[in-house]
Ligand SMILES: [Zn+2]
């Protein structure tokens, strides 16, 4: 009995032990798999590079530095708020800070739409301010920071302004030649086009490229507006409720129409490329003008990009079509003879969430190289533009209409208008497209109704013959 009892006891011990071992084993496996998951999760989620404040200004400090720079190069200032005679829907104001003796002027435009307000700072460079209306000079409009996360572009803008002020120079640049070039130019610089979007990036939304209310300012223009590709992502390319629905785009359009530049450059980052129209088509425009633009870009690629940059139409070279872009509008509608988009830097190896690293240099040597090289590229473009000035001016629109307002903008949509002389004042496509669609629907339904009506008439008017009796 004792033996039996011992045996039972032993059996109980041995039946419990395997259970315990199994239980521990399960815990161990679960724990191991957890730690493996944790490691692989960490491996999948790359570290996000923060904005390097040793290299990059905040938008506030950058603009303050620009204003100080402008002030240092002026003997006296006039600051005022001048309301523009714009629409009641979108009042735009500007504050001027300028000097009548020297060369730089800064203006701040303000516009709002449905409670959304935006500012636009514009610096004007002209060696002698009395020449600011001199039509013999080459007019150049440069915009930086249209996409919020592309901080490096605004650093190039600041560098450009330093070079124009002659406080800073570039290596291997002949100052005499540069001065001779600058004498013949009027340059307007928008250092940060998308101030509200930039504020979001600085507040931690590092991947934001759109404006303060989620609209991509480089899809908000009227050429081929609103068309969506298969891979359309509203977080990236939201075109807005209509062409020019955004105050920033309206102010840029107003600026381009009043200044009527010969050369337009929209400076971006994300890759290394020199783009010309079209963004919404797979081709470049036909003709000599297009050939000259392409030659300029190829020269810039060779001089400043070590032939690394993609060159050609945005639509073909970037690998996807973009609709409603600024450069397509500047070329197609504003008729700016030389219209470009420069993509000045991109880190293709960066993880897609690591936006600061993807769009901006993160170390000092690369930062300096990009800022210096692309400032130099812009100066080279000025020289080439002057060299081709005769041709460029011939291609530019003859009539400079400085007084065109944007009061034709109504409730977020644009409608096509002609003035009493039959001249088109604005291309307002979306309203017309909708009208055409409704008209077609109306026509179709009318035809259907007519058909139904006609098919019923013979039935009712048909004479009924009496049945034939056998
Ligand atoms: Zn961009």
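In the numbering used here, the protein residues as written are 4 to 473.
Just so it is clear, CB atoms sit at the ideal spot from N, CA and C, and this is done for glycine as well.
Beta-bridge partners of residue i, as assigned by DSSP
i	result
residue 145	192, 268
residue 131	The partner list for residue 131 (beta bridge, DSSP) is empty, contrary to what the question assumes.
residue 341	266
residue 348	274
residue 261	Paired residue(s): none; residue 261 is not in a bridge.
residue 52	Paired residues: none, contrary to the question.
residue 139	According to DSSP, which records beta bridges pairwise, residue 139 is partnered with nothing at all.
residue 116	119
Residue closest to residue i, alpha-carbon to alpha-carbon, out of the options
i	options	result
residue 334	203, 224, 53	224
residue 163	122, 264, 73, 252	73
residue 266	215, 154, 330	330
residue 226	282, 198, 379	282
residue 239	150, 125, 292	150
residue 182	131, 205, 253, 455	131
residue 482	193, 180, 310	Past the boundaries of the shown model lies residue 482; the chain is included only from 4 to 473, so the question cannot be answered.
residue 236	249, 245, 247, 222	222
residue 178	119, 454, 386, 326	386
residue 241	220, 110, 298, 256	220
residue 117	243, 228, 206	243
residue 361	285, 153, 67	153
residue 369	159, 71, 144	159
residue 188	65, 264, 233	264
residue 394	293, 309, 351	293
residue 125	115, 144, 140	144
residue 212	451, 141, 273	273
residue 276	313, 306, 249, 269	313
residue 61	148, 356, 340	148
residue 214	228, 115, 186	115
residue 123	374, 322, 250	250
residue 382	295, 262, 68, 303	303
residue 58	389, 399, 366, 397	366
residue 110	245, 191, 339	191
residue 392	139, 119, 175	139
residue 208	356, 279, 339, 180	356
residue 253	67, 449, 113	113
residue 325	448, 234, 455	234
Span of the alpha helix (DSSP H), counted from its first residue to its last, around residue i
i	result
residue 330	329 to 335
residue 128	That residue, residue 128, is in no alpha helix (DSSP H); its beta strand (DSSP E) goes 119 to 128.
residue 277	First-last for residue 277: 274 to 279, but that is the beta strand (DSSP E), not the alpha helix (DSSP H).
residue 64	62 to 75
residue 386	367 to 390
residue 283	Note, residue 283: premise wrong, no alpha helix (DSSP H); not H, not E.
residue 199	198 to 205
residue 293	291 to 307
residue 360	358 to 362
Residue range of the beta strand (DSSP E) that includes residue i
i	result
residue 316	313 to 316
Proximity test, residue i beta-carbon vs ligand 1 heavy atom, cut-off 6 Å
i	result
residue 208	no
residue 249	no
residue 158	no
residue 153	yes
residue 150	yes
residue 326	no
residue 283	no
residue 271	yes
Cβ-heavy atom distance, residue i to ligand 2, below 6 Å
i	result
residue 284	Ligands present in the displayed structure are limited to ligand 1, and ligand 2 is not among them.
Open item on the list: Quick check on the DSSP output: what are the complete alpha helix (DSSP H) runs of length 4 or more inside the stretch 216 to 257, in order along the chain?
Closed with: For the stretch 216 to 257, the full-length alpha helix (DSSP H) segments reaching 4 residues or more read 237 to 240 along the chain.
Open item on the list: Give the list of continuous alpha helix (DSSP H) stretches no shorter than 4 residues that lie fully inside the stretch 148 to 193.
Closed with: 154 to 168, 178 to 185
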